[in-house]
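Engineer: If you scroll down you'll find the structure; I have some questions about it.
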Amino acid sequence: MTSSRATEELIERYCNGELSAEELSIFEQWLENDPSLFEAVKDHRQIIDAFKIIGERRDLKQKLVAIHDEMETESFSFKAPLKVVKKEATGIRGFYQRNRIISIAAAVSVVAVSGTLLTGALTGLFSTKQQSAYQALRLEVERLKRSQRAIMNGINEARETPEEAVEERGFIGTGMAINSNGYILTSSHVIKGARSIFISNGKFEQLHVETVFKDDKLDVAILKVVEEDFKSFGDIPYALKHNAADPGERVFTLGYPRQDLVYNEGSVSSISGFEGDTTAYQISIPVNPGNSGGPLFDSQANLVGLISGRNIGAEGASFAIQSKYIISYMEKNAGESVEKHSHKTLKGLDRPAQIKKLKDFVFMVKVFN
């Protein structure tokens, strides 16, 4: 999971122009999709500008102090053996000569006080900056290459010609089967802007799917396999839980933040999500880009939520949409086409045995824009 410190380092490198071309492309896409990151970059630039002002004032202060020291050395030098009495100047010039040391000392004091006040303001800015920022978790993968004809017809990539290979922007998320007839549940932000979508896992090499239902507000989407020769996922081994999980309840998730299926576990921290969102849980599970749309299971492997995002300002604070709202959405919008989900349970099996049963029903969702 990208820590807040790592995010701040990325922002600093971005503002300093130190990112590579590939890093810059990924970061700018993240910046476009994540308003909280945009605000963080804006804050960081304001901080940089403020530090420039402090530096300029510090330089001025040092120059004024140097002048002050030089004048004091000249005024109290013991190298002159004779006391010379000069006629005191009059007018504006005389006033300046009589008061120049006092004037410079006052200017130095003003600069010092201003710098202290500005530093205090910056300290407050640092202490409040990005304490809470939501990050959706679809993973952008640069330089994904595919042949539309090869993928649709199952042709080996080694047989592609240069003319057939098409470079596209790609995103990766996670999805899960909700019935045996080819319906997949994922997060709506995972498939945002999709031109084509495919799913795969260890059992199903690659299946073409299309969006049939999507709710951006709830952040859920239902996909359906459209392959002509697709028959079935098989019997779904888990049930969708209607009741809310309790704080402290143990939960686990499976997802694709990388090419292989990744398991993580934790507990329900709160029955409300980011900024009090009552449709979500806060969970103490470390999740990463690519986990969005992944299932959240209770200890008996019942589906209790759908991974949606994390708080990049709080280590280990992640969020999942509650299953009861997903069930309500499916019943209202999808009707009988997807509501015949399993009522089986994996209760009594140890965790490795549960995962063995579950893994064929959790998919990497590959989105091409």
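Position 206, counted from 1, in the sequence shown is what this note's numbering calls 210; the numbers after and before it change by one each time, with no gaps.
Just so you know, even glycine gets a beta-carbon here, dropped at the ideal spot from N, CA and C.
Bear in mind the structure is a predicted one, so any value in this text is a computation, not a measurement.
#1: Among the residues of its own chain, which have a CB less than 6 Å from the CB of residue 204, if the five just before and after it don't count?
#2: Report back the beta-carbon spacing between residue 268 and residue 140 to the nearest angstrom; my notes put them in contact at under 8 Å.
#3: Determine whether the beta carbon atoms of residue 227 and residue 201 lie at a separation below 8 Å.
#4: Can you confirm whether residue 34, when its beta carbon is compared against all beta carbons of chain D, has any partner nearer than 8 Å?
#5: Hey, is the stretch 179-199 in contact with the stretch 290-299, meaning 3+ C-beta pairs nearer than 8 Å?
#6: Which same chain residues, not among the five before or five after residue 157, have their C-beta less than 6 Å away from its C-beta?
#7: Is the distance from the Cβ of residue 285 to the Cβ of residue 326 below 8 Å?
#8: For residue 360 and residue 14, I'd like the C-alpha separation in whole angstroms.
#9: Do residue 137 and residue 292 have their CB atoms nearer than 8 Å?
#10: Rounded to whole angstroms, what's the CA-CA distance from residue 351 to residue 178? Just pull it up for me.
#11: Would you mind stating whether residue 311 and residue 321 have Cβ atoms separated by less than 8 Å?
#12: Label residue 358 either buried or exposed according to how many other C-beta atoms from any shown protein chain fall within 10 Å of its C-beta, with 16 as the threshold for buried.
#13: Beta-carbon within less than 6 Å of residue 364's beta-carbon, same chain only, minus the 5 sequence neighbours each way: which residues are those?
#14: Which same chain residues end up closer than 8 Å to residue 31 when comparing Cβ atoms and leaving out the 5 residues on each side of it in sequence?
#15: Could you check the C-alpha separation between residue 305 and residue 279 for me, to the nearest Å?
#16: I need the straight-line Cα distance from residue 287 to residue 276, nearest angstrom please.
Structural biologist: Checking against the coordinates, here is how it stands:
#1: As a first step, residue 204 must be located in the sequence shown, where it is residue number 200. Cβ neighbours of residue 204 beyond the five flanking positions: 210, 368.
#2: The sequence position of residue 268 within the sequence shown is 264, counting from 1. The sequence position of residue 140 within the sequence shown is 136, counting from 1. For a cut-off of 8 Å, the C-beta gap from residue 268 to residue 140 is around 18 Å, too long to register as a contact.
#3: Reading the sequence shown from its first residue, position 223 is the one you call residue 227. Reading the sequence shown from its first residue, position 197 is the one you call residue 201. Yes.
#4: In the structure shown, chain D does not exist; there is a single protein chain.
#5: Contact annotation: the stretch 179-199 touches the stretch 290-299, with at least three C-beta pairs closer than 8 Å.
#6: Position 153 of the sequence shown holds residue 157. Unreliable positioning characterises residue 157 in this predicted model, as indicated by a pLDDT of 48, which lies under 50. The coordinate reading is nonetheless provided below. Within the same chain, no residue comes within 6 Å of residue 157 by CB-CB distance, once the 5 residues on both sides are set aside.
#7: Position 281 of the sequence shown, counted from the first residue, corresponds to residue 285. Position 322 of the sequence shown, counted from the first residue, corresponds to residue 326. In contact: residue 285 and residue 326 (Cβ atoms closer than 8 Å).
#8: Locating residue 360 in the sequence shown gives position 356, counting from the first residue. Locating residue 14 in the sequence shown gives position 10, counting from the first residue. Between residue 360 and residue 14, the C-alpha separation is close to 38 Å.
#9: For this step, residue 137 is matched to residue 133 along the sequence shown. For this step, residue 292 is matched to residue 288 along the sequence shown. Between residue 137 and residue 292, the C-beta spacing is not below 8 Å.
#10: The sequence position of residue 351 within the sequence shown is 347, counting from 1. The sequence position of residue 178 within the sequence shown is 174, counting from 1. Cα to Cα, residue 351 sits roughly 24 Å from residue 178.
#11: As a first step, residue 311 is located in the sequence shown; it is residue number 307 there, counting from the start. As a first step, residue 321 is located in the sequence shown; it is residue number 317 there, counting from the start. Contact flag unset, no.
#12: Walking along the sequence shown from the start, residue 358 turns up at place 354. Flag for residue 358 reads buried.
#13: Here residue 364 is taken as the residue at index 360 of the sequence shown, counted from 1. The beta carbon of residue 364 lies closer than 6 Å to those of 207 in the same chain, with the five residues before and after it left out.
#14: Position 27 of the sequence shown, counting from 1, holds the residue named residue 31. Once the five neighbours on either side are set aside, the close Cβ partners of residue 31 are 14, 18, 23.
#15: The count along the sequence shown starts at 1 and reaches residue 305 at position 301. The count along the sequence shown starts at 1 and reaches residue 279 at position 275. Rounded to the nearest angstrom, the gap between the Cα atoms of residue 305 and residue 279 is 28 Å.
#16: Position 283 of the sequence shown, counted from the first residue, corresponds to residue 287. Position 272 of the sequence shown, counted from the first residue, corresponds to residue 276. Take the alpha-carbon of residue 287 and the one of residue 276: they are about 10 Å apart.
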